[in-house]
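Everything below concerns the one structure shown next.
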Amino acid sequence: MVIKLGLPIASVVGVLLAVSAMVVGAQKAPLRPVLFPPSVSPYKHTIAGSGVVEASSNDIHIGTPFNEIIWDIFVKVGDVIKKGDPIFQLDTRTYEAQLVEAMAAKERAQIDLENAATELTLYDSLKDKRAISLNSYNQIFYKKQAALAQIEVQKTKIRTAQTFIDRSFIIAPCDGKILQKNINKGETANLFVAESLVVFGPICPFHLRVSIDEDDAWRFKSNTPATAFVRGNSSICFPLKWVRTEPLMIPKKNLTGDNSERVDTRVLIVIYEFDCQTPFVYAGQVMDVYIESIPADTRFMNGKN
Numbered sequence: 216m217v218i219k220l221g222l223p224i225a226s227v228v229g230v231l232l233a234v235s236a237m238v239v240g241a242q243k244a245p246l247r248p249v250l251f252p253p254s255v256s257p258y259k260h261t262i263a264g265s266g267v268v269e270a271s272s273n274d275i276h277i278g279t280p281f282n283e284i285i286w287d288i289f290v291k292v293g294d295v296i297k298k299g300d301p302i303f304q305l306d307t308r309t310y311e312a313q314l315v316e317a318m319a320a321k322e323r324a325q326i327d328l329e330n331a332a333t334e335l336t337l338y339d340s341l342k343d344k345r346a347i348s349l350n351s352y353n354q355i356f357y358k359k360q361a362a363l364a365q366i367e368v369q370k371t372k373i374r375t376a377q378t379f380i381d382r383s384f385i386i387a388p389c390d391g392k393i394l395q396k397n398i399n400k401g402e403t404a405n406l407f408v409a410e411s412l413v414v415f416g417p418i419c420p421f422h423l424r425v426s427i428d429e430d431d432a433w434r435f436k437s438n439t440p441a442t443a444f445v446r447g448n449s450s451i452c453f454p455l456k457w458v459r460t461e462p463l464m465i466p467k468k469n470l471t472g473d474n475s476e477r478v479d480t481r482v483l484i485v486i487y488e489f490d491c492q493t494p495f496v497y498a499g500q501v502m503d504v505y506i507e508s509i510p511a512d513t514r515f516m517n518g519k520n
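As numbered in this note's numbering, residues 216 to 520 make up the sequence shown, in order.
Below is the structure:
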C-alpha cells in the first residue's frame, strides 16, 4: 500500500519542482539603471564623427638616427621639457675613438706638411739648382700636396665623428610633454622598429583630430560650432575651436566596430583645439564629436543651393 501511494506522491512533487523552476527562471533580473545615456547632438542639423586627442603639433614620434645601445635616459613619462633638452643618449664610445684617431692622423699629416714645406723652402733657396735632382724635388713637392690632402681627409673624418656624437644626444625639437616611453637603458635603439621609442609633443592646447565620413563631408563648414563628448560619461562635454581642415581625404583608420561601418570608406580630417586643462581627457583618447552642419536634405543646382 505504501509503495502504491509513494509513486503518485513522487510524481506530484516532481511536477511541483519543475513548475517552480520554470516560474523562477521566467522572472527577469531587474534592469540596472543607465548612469549615462549615449551622447546626443546639441544641434538641429549635425555631423557626427570620432576624434582622437593629440598634441598640438601632432604626436612627435622620437626615433634614433642609427642603431646603437641606449647609454642613458634623461626623462620619464609625464615630464614637461623645453626645446633642446636631452631625452636620451646613445653610446658614443665608438665615435669618440674615431674622433681621437682622426685628430691624431690630422696631427701627423700636419707634421708631414711642415717637414715637406721646410725642405721645399730649403731647396728653393739654393742658388745652384743642380744641387738636387728634379726627381727628388718633385718627391718633396708631392709629399707636401699629399699631406695637404690628408689633412682635409682627416678634417672630414673629425666632422663626421663629431656629428655622430652630437646626434647621439636625442633632444626635444620643441617645448612639450613626454607622452610615452618605450626604451630602457642598455637596450639597442633600432632604426627599423615600427614602435616609437618616445612619443612627445606640446599638449597645450590639445588638438582633436576628427574623422568625418566622406558621405557627410559635403555638409561640413569651417568655423561652425562643434562639441566633444567623453565616451562613457556623456555629462563631460566641451566646445571645440576649429583650427584647420586637411584638404586630402584619406582611407579610414579609426574603426568603431559598428556593423554598418565600411572599411573602404574615406574620411575628411578636421583639426579642432580645446583647453589643455580640461579634466578627464588624455592624449590618445577617442571622443564623440558633433558638428553643426547644413541640413542633410539640402539640394544643389550647379554647385549652388
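All C-beta atoms in this analysis are idealised placements derived from N, C-alpha and C, irrespective of residue type, glycine included. These figures come from a predicted structure and were not determined experimentally.
Query raised in the report: Alpha carbon to alpha carbon, how far is R434 from P462?
Result: For the purposes of this step, residue 434 is identified with residue 219 of the sequence shown, where counting begins at 1. For the purposes of this step, residue 462 is identified with residue 247 of the sequence shown, where counting begins at 1. Approximately 15 Å, taken between the alpha carbons.
**Report entry** Own chain, CB closer than 7 Å to F407, minus 5 neighbours either side, in chain order
**Finding:** As a working note, residue 407 is residue 192 in the sequence shown. Hits under 7 Å: none found.
Query raised in the report: If you compare alpha carbons, which of D294, P494, V445, S508 is closest to F251?
Result: If you number the sequence shown from 1, residue 251 lands on position 36. Of the candidates D294, P494, V445, S508, the one whose C-alpha sits nearest the C-alpha of F251 is V445.
Query raised in the report: Which residues in the same chain as E429 place their Cβ atom closer than 8 Å to its Cβ, once the five residues preceding and following it in sequence are excluded?
Result: To locate residue 429, count along the sequence shown from 1; it is residue 214. For E429, where only same-chain residues beyond five positions count, the Cβ hits under 8 Å are M464, T480, R481, V482, L483.
Query raised in the report: Using CA coordinates, which residue listed in C491, I302, P510 is at the minimum distance from V292?
Result: Here residue 292 refers to the residue found at position 77 of the sequence shown. The residue from C491, I302, P510 with its alpha-carbon nearest to that of V292 is I302.
**Report entry** Through-space distance from V496 to G264, alpha-carbon basis
**Finding:** To locate residue 264, count along the sequence shown from 1; it is residue 49. To locate residue 496, count along the sequence shown from 1; it is residue 281. Each residue's Cα considered, the two are about 17 Å apart.
Requested in this report: Measure the alpha-carbon distance for I418 versus F489 and round it to whole angstroms.
Outcome: Against the sequence shown, residue 418 aligns to sequence position 203. Against the sequence shown, residue 489 aligns to sequence position 274. Here the alpha carbons of F489 and I418 stand approximately 10 Å from one another.
Query raised in the report: Can at least three beta-carbon pairs, one atom from the segment 363 to 374 and one from the segment 271 to 282, be found at a separation below 8 Å?
Result: Under the 8 Å Cβ criterion, the segment 363 to 374 does not count as touching the segment 271 to 282, having fewer than three qualifying pairs.
**Report entry** Entirely enclosed beta strand (DSSP E) segments - the segment 294 to 360, minimum 3 residues
**Finding:** Considered as a whole, the segment 294 to 360 harbours 301 to 305 as its complete beta strand (DSSP E) runs of no fewer than 3 residues, in chain order.
Query raised in the report: Pick from K298, T460, F421, N353: whose alpha carbon is nearest that of A443?
Result: On the sequence shown, residue 443 is found 228 positions in, with the first residue counted as 1. It is F421 whose Cα lies nearest to the Cα of A443.
Requested in this report: Decide if K359 is buried, meaning its Cβ has at least 16 other Cβ atoms within 10 Å, or exposed.
Outcome: Mapped onto the sequence shown, residue 359 falls at position 144. K359 is classed as buried because its beta carbon has at least 16 other beta carbons within 10 Å across all chains shown.
Requested in this report: Please classify V425: is it buried, with 16 or more other beta-carbons within 10 angstroms of its beta-carbon, or exposed?
Outcome: Locating residue 425 in the sequence shown gives position 210, where the first residue counts as 1. It is buried - the Cβ of V425 has at least 16 other Cβ atoms within 10 Å.
Query raised in the report: How about the segment 280 to 296 and the segment 446 to 453: do they share at least three Cβ pairs that are nearer than 8 Å?
Result: No, the segment 280 to 296 is not in contact with the segment 446 to 453.
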